[in-house]
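Asks:
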Amino acid sequence: MLLPADTRAVLYDLDGTLVDHEHAARAGVESWSRALGLPAGQWQRWLTIERKWFTAFENGEVSHLGQRVARCREFIGRAELSDEEALTMYEDYLAVYRSNWVAYPDALPSLRAALERGLTVGVLTNGAEEMQRAKLERTGLWLDGMIMCATVELGAPKPQPESYRAALEKVGASAGHTVMIGDSWENDVAGARRAGLHAVYLDRTGNEGTSISSLDELVWP
Ligand SMILES: [Mg+2]
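Numbering (the numbering used here), first residue to last: 830 to 1050.
Following this line, the structure appears as structure tokens:
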């Protein structure tokens, strides 16, 4: 897919786009389930709970920390847990999640290609800066010149229009000269287009006719 000739900046999503979140989350859940004494095969249940609470966060219904606590309480099945207790238990999940971060093979070449063409490269992610930055560093994807746009610090998550506006300010480019690339139709494509950005939908399953299934398919201007 050929990007517009007047592209000045590229914003990549992180989880599911640059780093394989699902691989790491699955390993985390399996290990945590064993530690909690839950039966094996909790992945789909976790996924449902994670999506429910992360969407509530994206809709502004709970804080970022709040969705973490809520996910934990619901997964363990103990609504009475205090925030601190829930977050302490969640650390068991996070330790394994962190040690299983892995970059998609097409991520590093794509970031390098964008930077080599003189484009400003940002990462616009619905997460907290500290963890998202560590994720990129640990997987070898944090390159000189990249700009982290973590929406917990920006003040509004994707797909809220303020998130894209704040990211554009950080990368110093206008919406019309910026391309957003990511694996979430709502957060990385529909929301970005509503904010005036160009957007490319990455569908790694290769199902959609109008999307790319690998970052290798991007053709830089
Ligand atoms: Mg994503």
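We treat Cβ as the ideally placed atom computed from N, Cα and C, and that holds for glycine.
This one's a predicted model, so the numbers in the text were calculated from it and none came from an experiment.
Determine the burial state of residue 943: buried for a count of at least 16 other Cβ atoms within 10 Å of its Cβ, exposed for fewer.
Replies: buried
Asks: Ordered along the chain, which non-local residues of its own chain (more than five positions away) have a Cβ less than 7 Å from that of residue 1019?
Replies: 988
Asks: So the alpha helix (DSSP H) residue 899 belongs to, where does it begin and stop?
Replies: From DSSP, the alpha helix (DSSP H) with residue 899 extends over 893-905.
Asks: Return yes when the C-beta of residue 1011 is under 7 Å from any heavy atom of ligand 1, and no when it is not.
Replies: For ligand 1, a non-hydrogen atom lies closer than 7 Å to the CB of residue 1011.
Asks: Pick out whichever of 830, 935, 838 and 934 has its Cα sitting closest to the Cα of residue 1009.
Replies: In terms of CA proximity to residue 1009, 838 leads the group 830, 935, 838 and 934.
Asks: Among 965, 863, 940 and 928, which one has its Cα closest to the Cα of residue 852?
Replies: 928
Asks: Please list the segments of the alpha helix (DSSP H) lying wholly inside the segment 1002-1038, counting only runs of 4 or more residues, in order along the chain.
Replies: 1020-1023
Asks: Cβ atoms of residue 841 and residue 956: under 8 Å apart, would you say?
Replies: Taking 8 Å as the cut-off, the beta carbon of residue 956 is found no closer than this to the beta carbon of residue 841.
Asks: Have a look at residue 886 and residue 961 and give me their C-alpha separation to the nearest angstrom.
Replies: 17 Å
Asks: Taking Cβ positions, are residue 992 and residue 980 nearer each other than 8 Å?
Replies: Contact flag set, yes.
Asks: What are the residues that DSSP puts in a beta bridge with residue 841?
Replies: Bridge partners of residue 841: 952 and 1010.
Asks: Can you list, in chain order, the residues of its chain whose CB lies under 7 Å from that of residue 937, leaving out five sequence neighbours each side?
Replies: 969 and 970
Asks: Can you find the residues in the same chain that come closer than 8 Å, C-beta to C-beta, to residue 940, ignoring five residues on each side of it along the sequence?
Replies: Excluding sequence neighbours, residue 940 sits near 841, 847, 950, 970, 972 and 975.
Asks: Residue 1040 to residue 890, Cα distance in whole Å?
Replies: 31 Å
Asks: Are there any heavy atoms of ligand 1 lying less than 7 Å away from the beta-carbon of residue 844, as far as the coordinates show?
Replies: Yes - ligand 1 has a heavy atom lying nearer than 7 Å to the Cβ of residue 844.
Asks: So what does DSSP say about residue 918, is it helix, strand or coil?
Replies: Residue 918: helix per DSSP, three-state reduction.
Asks: Given residue 925, which residues of its chain have a CB within under 6 Å of its CB, disregarding the five upstream and five downstream residues?
Replies: 856, 857 and 860
Asks: Helix, strand or coil, according to DSSP, for residue 977 in the structure here?
Replies: In this structure, residue 977 counts as strand in the three-state DSSP scheme.
Asks: Helix, strand or coil for residue 931 per DSSP?
Replies: coil
Asks: Is residue 830 buried or exposed, if buried means 16 or more other CB atoms sit within 10 Å of its CB?
Replies: exposed
Asks: Considering only DSSP beta bridges, list what residue 1000 is partnered with.
Replies: In the DSSP output, where bridge partners are listed per residue, residue 1000 has none listed.
Asks: What residues in its chain sit with their C-beta under 6 Å from that of residue 910, if we drop five residues either side in the sequence?
Replies: 902
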